[in-house]
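Numbering (this note's numbering), first residue to last: 175 to 218.
In this text, a Cβ means the ideal position worked out from N, Cα and C, and glycines have one as well.
This one's a predicted model, so the numbers in the text were calculated from it and none came from an experiment.
Worksheet: the structure to be examined is printed underneath.
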């Protein structure tokens, strides 16, 4: 990205994205653990 930005700075309106990896990711935090029955509730 830095090389492309140096060649054509007029194409870049903002700074480049920070691509440093995140150490840990939690999907659906706070989701109750008691919903492991496998069935889904359907609307009546």
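I'd like to check one pair, residue j with residue i: are the Cβ atoms closer than 7 Å?
| i | j | result |
| --- | --- | --- |
| residue 175 | residue 190 | yes |
Which of the three DSSP states is assigned to residue i in this structure?
| i | result |
| --- | --- |
| residue 195 | coil |
| residue 177 | helix |
| residue 189 | coil |
| residue 203 | coil |
Is the CB of residue i under 7 Å away from at least one CB in chain C?
| i | result |
| --- | --- |
| residue 186 | Considering every chain present, this structure includes no chain C. It has just one protein chain. |
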